[in-house]
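Just below is one structure, and these are the notes that go with it.
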Amino acid sequence: MASNILRTIVNKGVGRQLRILNVARMSSTADVVDHGLKINEDFYESVYSPLPDRPRSLPVAEDLKALKEKELGDWSNLTVDEQMDLYNMHFSMTMGDMVRGNDTWKSSMGLVFLISSLGFAFIILCKKFILPPPPITYSDEWVHASIKKQLRMHSGPITGIASKWDYENNCWKK
């Protein structure tokens, strides 16, 4: 538990100063086995610290010992796959993998659009089946009749609607 908390603090970028605390507990560090390699749990690399303080794999696996011996010789004799295996023994990610963003924004945006569309569908269904119809005063006929009534009553002769109506020519002023 304390190991996980300490590793989380280090991974969040507190700095190399906290990694000094790991030296005291290196002898009791539990190893994680991954794909046949024993992986050091204190291993940490990022863009800001591309060369880790600790090696990734503690002991070399049996099937990679021959490759480790071949590493000491001429590297032009190594195939690309063998070079990648050697690289993966020392580092967990390439620099391209470290700087590449993840695709979680796509699922987040998908979730936002899904919730929005469900919300709009709910509003449409509520308007159609649950809410009462709009009042008759919102209809175009009612609005036109109301305007005609205000014009007949000369409502607002200075700044209102009657000030914009030409009573002699029976049309709107320009």
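To convert, note that position 26 of the sequence shown is 16 in this note's numbering; the numbers rise steadily by one, no gaps. All C-beta atoms in this analysis are idealised placements derived from N, C-alpha and C, irrespective of residue type, glycine included. Because the structure is a prediction, the values reported are computed rather than measured.
Note down, in chain order, each residue of its chain lying with its Cβ closer than 8 Å to the Cβ of residue 151, except the 5 sequence neighbours on either side. Taking the sequence shown and counting its residues from 1, the one referred to as residue 151 is at position 161. Excluding sequence neighbours, residue 151 sits near 137, 140, 141 and 145.
Does residue 93 come out as helix, strand or coil in the three-state DSSP assignment? Here residue 93 is taken as the residue at index 103 of the sequence shown, counted from 1. Coil.
Under 8 Å, do residue 41 and residue 61 count as touching if we go by C-beta distance? Here residue 41 refers to the residue found at position 51 when the sequence shown is read from its first residue. Here residue 61 refers to the residue found at position 71 when the sequence shown is read from its first residue. Cβ atoms of residue 41 and residue 61: not closer than 8 Å.
Short check: CB of residue 54 to CB of residue 83, under 8 Å? Counted from its first residue, the sequence shown places residue 54 at position 64. Counted from its first residue, the sequence shown places residue 83 at position 93. For residue 54 and residue 83, no; Cβs fall outside 8 Å.
Any idea what DSSP makes of residue 156, helix, strand or coil? One-based indexing of the sequence shown puts residue 156 at position 166. In the structure shown, residue 156 sits in a strand (DSSP, three-state: E or B).
Give me the DSSP bridge partner(s) of residue 162. Position 172 of the sequence shown, counting from 1, holds the residue named residue 162. According to DSSP, which records beta bridges pairwise, residue 162 is partnered with 155.
Please classify residue 162 as buried or exposed, where buried requires at least 16 neighbouring CB atoms within 10 angstroms. As a position in the sequence shown, residue 162 is number 172, starting the count at 1. Residue 162 comes out exposed.
What are the boundary residues of the alpha helix (DSSP H) that includes residue 34? The sequence position of residue 34 within the sequence shown is 44, counting from 1. Unbroken run through residue 34: none, as it is neither H nor E.
Beta-carbon separation of residue 85 and residue 36 under 8 Å? Counting from one through the sequence shown, the residue named residue 85 turns up at place 95. Counting from one through the sequence shown, the residue named residue 36 turns up at place 46. Result no, Cβ atoms of residue 85 and residue 36 do not sit closer than 8 Å.
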